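K.L.:
Attaching a single structure in structure tokens format; questions to follow.
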Amino acid sequence: MRDTSETAWWRKTRQLALATLAGLCVVGVLPRLVAGLLDRRAVLGLPLGTFLAVVAVPLVMLIAIFAFTARQRGLDRGHHVSED
Amino acid sequence: MARRSSATTYGRLATLFAVAFAILSAILALLGYFGLPANVLGSVLGGAVLLAFGAIGINAATMQTSEFYLAARALPPPVNGIASAAAVISGTLFLGLAGSYFADANAAVAITIGWCLGFVVLAVCFAPYFRKSGAFGVVDFLGVRYGGRAVRLAAALVVGLALFAATAAAMVSAATLTALLLGISAGTAVAVVTALIVVTAVFGGVRAITRTAMVEYIVLAAAFLVPVTIVAIREYASPLPQLTFGFALRDAALLVLASGRDLAPPPTGQSWATAGGGEFTFLATVLTLAAGVASLPHLLMRSATVRGPDRARRSAAWGLLFVLLIIAAAPAYAAFAHFLILREVVDGPIENLPDWIFTFGNLGLIRICGVEAVSVDAVLGACSGAAGFTGNLAASDLSMSGDGLVLAAPAIFDLPAVASALVALGALAATLAAAKAMAFAVASAIGHDLYGSAREVHPSAGRQLIVTRVLLVAIVLLAAWLASDAPDVAFALAPAAISLSAGALFPALILAVWWKRATANGAVAGILTGLVVTGGLILDRRYPGFLPFGRLGFSELTAAIGGMPLGFLAAIGVSLASEPPAEERQGIVDAIRRPGGAPFVQESESL
Numbered sequence: 126m127r128d129t130s131e132t133a134w135w136r137k138t139r140q141l142a143l144a145t146l147a148g149l150c151v152v153g154v155l156p157r158l159v160a161g162l163l164d165r166r167a168v169l170g171l172p173l174g175t176f177l178a179v180v181a182v183p184l185v186m187l188i189a190i191f192a193f194t195a196r197q198r199g200l201d202r203g204h205h206v207s208e209d
Numbered sequence: 389m390a391r392r393s394s395a396t397t398y399g400r401l402a403t404l405f406a407v408a409f410a411i412l413s414a415i416l417a418l419l420g421y422f423g424l425p426a427n428v429l430g431s432v433l434g435g436a437v438l439l440a441f442g443a444i445g446i447n448a449a450t451m452q453t454s455e456f457y458l459a460a461r462a463l464p465p466p467v468n469g470i471a472s473a474a475a476v477i478s479g480t481l482f483l484g485l486a487g488s489y490f491a492d493a494n495a496a497v498a499i500t501i502g503w504c505l506g507f508v509v510l511a512v513c514f515a516p517y518f519r520k521s522g523a524f525g526v527v528d529f530l531g532v533r534y535g536g537r538a539v540r541l542a543a544a545l546v547v548g549l550a551l552f553a554a555t556a557a558a559m560v561s562a563a564t565l566t567a568l569l570l571g572i573s574a575g576t577a578v579a580v581v582t583a584l585i586v587v588t589a590v591f592g593g594v595r596a597i598t599r600t601a602m603v604e605y606i607v608l609a610a611a612f613l614v615p616v617t618i619v620a621i622r623e624y625a626s627p628l629p630q631l632t633f634g635f636a637l638r639d640a641a642l643l644v645l646a647s648g649r650d651l652a653p654p655p656t657g658q659s660w661a662t663a664g665g666g667e668f669t670f671l672a673t674v675l676t677l678a679a680g681v682a683s684l685p686h687l688l689m690r691s692a693t694v695r696g697p698d699r700a701r702r703s704a705a706w707g708l709l710f711v712l713l714i715i716a717a718a719p720a721y722a723a724f725a726h727f728l729i730l731r732e733v734v735d736g737p738i739e740n741l742p743d744w745i746f747t748f749g750n751l752g753l754i755r756i757c758g759v760e761a762v763s764v765d766a767v768l769g770a771c772s773g774a775a776g777f778t779g780n781l782a783a784s785d786l787s788m789s790g791d792g793l794v795l796a797a798p799a800i801f802d803l804p805a806v807a808s809a810l811v812a813l814g815a816l817a818a819t820l821a822a823a824k825a826m827a828f829a830v831a832s833a834i835g836h837d838l839y840g841s842a843r844e845v846h847p848s849a850g851r852q853l854i855v856t857r858v859l860l861v862a863i864v865l866l867a868a869w870l871a872s873d874a875p876d877v878a879f880a881l882a883p884a885a886i887s888l889s890a891g892a893l894f895p896a897l898i899l900a901v902w903w904k905r906a907t908a909n910g911a912v913a914g915i916l917t918g919l920v921v922t923g924g925l926i927l928d929r930r931y932p933g934f935l936p937f938g939r940l941g942f943s944e945l946t947a948a949i950g951g952m953p954l955g956f957l958a959a960i961g962v963s964l965a966s967e968p969p970a971e972e973r974q975g976i977v978d979a980i981r982r983p984g985g986a987p988f989v990q991e992s993e994s995l
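The structure is reproduced here in structure tokens:
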């Protein structure tokens, strides 16, 4: 790394990557692990645990991945390391 | 300007193809309504679309190396996302996922979440850094980062082992579907598929693979989404099957209750999030897929075809969107099929079973009372001996292979014959796209990343191109041979693509970007350890007794749960035991991480 600004940028990049991955791992596996509790309620004809695992989680991941790309682009530009 | 012209080219191609495909499908549907036989419908639709695939591939032929290997690094992220999705959907997701929801919902939920996480890992951990490195493929990337010949050799070995059987399996599926659609023999179908892959990939490389992948995605998406959407509209007045399949599950459960008989619990009538399997299997599948999908060589190398790191990251996001369009509809197939089978078939007289039962029974996909449902007589013969037989079909008598569910769905949904041809064509498009992408990844890994980097040979760009093309033909022919000679072996080993990528490549790839202290020796140790352990567990699954200490119970897919941690341990341990990487090597890592500036490997150097 060339200077402190770039060091700070990499630190924030690492934090963003870790937060995104850890957050989505939890979001991905939690509904399955607590499905027994959630399935007492129904959404759109599905038990809640099933609804979250099959419908909501993939949608959350899709939104999160686009949000991540936008956040990372902002980070790159803010620290003047972007490709443009 | 170049970006706009590239987007325009792909946009025009997609629009023209989509319009022509829709018109042809509509005309054939009309002719089918007026009595054109189903086999003629399938032959005309299949023949026309396969000819279009071939023509688009040949039209994209190129002699420029950057076009051949990288599509000139000018693809817009959505186009690259479509090509990425087409390269990985294959028969596994197109045919297999809905079948998994039908047969083993726990596995299907894990597969859905694992694939989504895989694209997230790709976007977060690999894609931008891979693009910034300027590498062409996984082997090249690891070679650039770690330096030395051993890393390239070890990575090329994994790429070859991981993707070859999967290529052959995709070709088996493609040949079976071609034979079904065109009404030709299995041997001729293998020849047709081989010729199609060769003409579309060998002359145009990534440029041709991308253009054909885009139109293949249009076909597979239409084929997957149209039938299930029609049923959702017909049954629940909603054009969104992804949000209405819960009502079909509820109605199926009500039918079971209303029947007042001790019917077998329907596989889709219970909570899918808790059905079958344990937490360990679920977590192992999710983790293996997340790591394996992100490390798939033919997916990762697509990051090299866009203009910069940010676009590579966005390509992965678009890729997830296009994969999700398909996999989000998979549970609807299982739910609607289950509900309609219960409503239309179960509890009816066996003499009145619909024709599709016997069509798919003859393909070995449907069994009734323990025998393949090849005819009414065969079914009656098997069921009449059962206790409490009434002459009607009980739900517990019917057993359907998940693999056949999507192909049988148009008949189960009572849709016209053109829908059956459309679904078979969609599955064919998915398998062709995957086979091409995987075969090219292996050829490029050896022809460019390995042979092209050999200092003692120092081949010219033209020679590398010839070698890669010859290798591509050889790989496709070898895969065709395996597809014809031992299709069961190809199918059994196909899931190893994801498992071996996760077990052997993932640790070296993660450490390459995120740990500067990782050394070439560490990377080689990690790759080989992951390969041996994951490969050993896969072979133990196929050949019981292969491991001296007894079976550990991993599947082909979850074997990486053994290989991946040990791969990490070996890579980290050996790296710490070796001298730290030189300043120059650590500078390469900095350059790969930084989005701005020139790629580490300039195309002129590499070619």
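Chains as they are written, first to last, in this note's numbering: chain A, 126 to 209; chain B, 389 to 995. Cβ atoms here follow ideal geometry from the backbone N, Cα and C, with glycine treated the same way. Computed from a predicted model, the values in this text were never measured in an experiment.
Give the interface partners of B:Glu967 over in chain A, defined as CB-CB distance under 8 Å, in chain order.
P.N.:
Residues of chain A passing the Cβ test: none, with the nearest at roughly 21 Å.
K.L.:
Any Cβ of chain B within less than 8 Å of the Cβ of A:Arg165?
P.N.:
With 8 Å as the cut-off, A:Arg165 does not count as an interface residue toward chain B.
K.L.:
Are the beta-carbon atoms belonging to B:Val855 and B:Val590 less than 8 Å from one another?
P.N.:
Going by C-beta atoms, B:Val855 is not nearer than 8 Å to B:Val590.
K.L.:
State buried or exposed for B:Phe668, treating a residue as buried only when at least 16 other CB atoms are found within 10 Å of its CB.
P.N.:
Exposed, by the Cβ-count rule.
K.L.:
Listing by chain order, which chain B residues have their CB less than 8 Å from the CB of A:Val206?
P.N.:
Under the 8 Å cutoff, chain B gives Arg982, Pro983 and Gly984.
K.L.:
Just the chain A side, please: which residues come within less than 9 Å of B:Ile629 by C-beta, in chain order?
P.N.:
Sequence inspection shows Pro at residue 629 of chain B; the Ile mentioned does not correspond to that position. Residues of chain A passing the Cβ test: none, with the nearest at roughly 11 Å.
K.L.:
Bridge partners of B:Met788, per DSSP?
P.N.:
Looking at the DSSP assignment, B:Met788 forms a beta bridge with B:Ile754.
K.L.:
For B:Ile886 and B:Leu945, what's the separation of their Cα atoms in angstroms?
P.N.:
Cα to Cα, the separation comes out at about 7 Å.
K.L.:
Can you check whether the CB of B:Thr917 is closer than 8 Å to the CB of B:Gly955?
P.N.:
A contact, by the Cβ cut-off of 8 Å.
K.L.:
According to DSSP, simplified to helix, strand and coil, what is B:Leu737?
P.N.:
With the sequence shown as reference, residue 737 of chain B is identified as Pro, and Leu is not the correct amino acid for it. It is a strand residue.
K.L.:
Once the 5 residues before and after A:His204 are set aside, which same chain residues still bring their CB inside 6 Å of it?
P.N.:
Excluding positions up to five away in sequence, the list reads Ser130 and Trp134.
K.L.:
What does DSSP give as the partner residues of B:Glu732 in its beta bridges?
P.N.:
The partner list for B:Glu732 (beta bridge, DSSP) is empty, contrary to what the question assumes.
K.L.:
Would you call the CB atoms of B:Leu584 and B:Gly442 closer than 8 Å?
P.N.:
In contact: B:Leu584 and B:Gly442 (Cβ atoms closer than 8 Å).
K.L.:
Please check if any C-beta of chain B sits within less than 8 Å of the C-beta of A:Val182.
P.N.:
Output row for A:Val182: interface = yes.
K.L.:
Secondary structure at B:Leu803, three-state DSSP: helix, strand or coil?
P.N.:
Note: B:Leu803 maps to coil in three-state DSSP.
K.L.:
In whole angstroms, what separates the C-alpha of B:Ser963 from that of B:Ser872?
P.N.:
Spanning the two alpha carbons is a distance of roughly 44 Å.
K.L.:
From the DSSP output, which residues share a beta bridge with B:Val759?
P.N.:
Beta-bridge pairing links B:Val759 to B:Ile756.
K.L.:
Can you give me the start and stop residues for the alpha helix (DSSP H) that B:Phe668 sits inside?
P.N.:
It spans Glu667 to Ser683 - the alpha helix (DSSP H) in which B:Phe668 sits, taken as one unbroken run.
K.L.:
Does the structure place the stretch 621-630 of chain B close enough to the stretch 483-492 of chain B that three or more beta carbon pairs sit under 8 Å?
P.N.:
Output reads no: the stretch 621-630 of chain B does not touch the stretch 483-492 of chain B.
K.L.:
Go through the stretch 466-502 of chain B residue by residue and report every complete run of the alpha helix (DSSP H) that reaches 4 residues or more, in order.
P.N.:
Fully enclosed alpha helix (DSSP H) runs of 4 or longer: 486-491.
K.L.:
Could one say the Cβ of A:Val179 lies closer than 8 Å to chain B's Cβ atoms, at least one of them?
P.N.:
So yes, A:Val179 belongs to the interface.
K.L.:
Quick one: Cα of B:Ala996 to Cα of B:Ala692, how far?
P.N.:
Not covered by the structure: residue 996 of chain B. The range shown for chain B is 389 to 995.
K.L.:
Curious, which full-length alpha helix (DSSP H) runs of at least 4 residues does the stretch 565-627 of chain B contain?
P.N.:
The stretch 565-627 of chain B contains these whole alpha helix (DSSP H) runs: 574-589 and 593-624.
K.L.:
Drop a sphere of 10 angstroms on the beta-carbon of B:Met451, count the other beta-carbons inside from all chains shown, and report buried for 16 or more, exposed for fewer.
P.N.:
B:Met451 should be labelled exposed.
K.L.:
For B:Ala609, which option in B:Ile976, B:Ser841, B:Gly752 and B:Thr819 has the closest C-alpha, if you only look at C-alpha atoms?
P.N.:
Nearest C-alpha to B:Ala609: B:Thr819.
K.L.:
Comparing C-alpha positions only, which one of A:Phe193, A:Glu208 and A:Val185 sits nearest to A:Lys137?
P.N.:
For the residues A:Phe193, A:Glu208 and A:Val185, the minimum Cα distance to A:Lys137 belongs to A:Phe193.
K.L.:
Rank B:Met602, B:Leu568, B:Ala558 and B:Ala890 by C-alpha distance to the C-alpha of B:Thr582 and give the top, closest one.
P.N.:
Ranking B:Met602, B:Leu568, B:Ala558 and B:Ala890 by Cα distance to B:Thr582 puts B:Ala558 first.
K.L.:
For a contact defined as C-beta to C-beta under 7 Å, what are the partners of A:Leu187 on chain B?
P.N.:
In chain order: Leu708, Leu709 and Leu712.
K.L.:
Taking Cβ positions only, does A:Val151 come closer than 8 Å to chain B?
P.N.:
By this cut-off, A:Val151 is not an interface position.
K.L.:
A:Gly170 CB to nearest chain B CB: under 8 Å?
P.N.:
Judged by the 8 Å Cβ criterion, A:Gly170 is in contact with chain B.
K.L.:
Spatial neighbours of B:Ala678 within its chain, please: C-beta separation below 7 Å, excluding the five flanking residues on both sides.
P.N.:
Only Gly502, Leu505, Gly506 and Val509 meet the Cβ criterion.
K.L.:
So, does the stretch 783-796 of chain B touch the stretch 755-767 of chain B, judging by three or more C-beta pairs under 8 Å?
P.N.:
With a cut-off of 8 Å, the stretch 755-767 of chain B and the stretch 783-796 of chain B count as touching, because enough Cβ pairs lie within range.
K.L.:
What does a CB cutoff of less than 7 Å around B:Pro466 pick up in its chain, not counting 5 residues either side in sequence?
P.N.:
The residues are Trp706.
K.L.:
With 7 Å as the limit, tell me which residues of the stretch 670-695 of chain B have their beta carbon closer than that to any beta carbon of chain A; keep them in chain order.
P.N.:
Residues Phe670, Leu671 and Val674.
K.L.:
How about the stretch 911-931 of chain B and the stretch 970-979 of chain B: do they share at least three Cβ pairs that are nearer than 8 Å?
P.N.:
The answer is no - the stretch 970-979 of chain B does not touch the stretch 911-931 of chain B, with fewer than three Cβ pairs under 8 Å.
K.L.:
Mind checking B:Pro654: buried by the 16 CB within 10 Å criterion, or exposed?
P.N.:
Residue placement at B:Pro654 is flagged as unreliable, the pLDDT there being 43, under the threshold of 50; the coordinate-derived value follows with that caveat. Buried.
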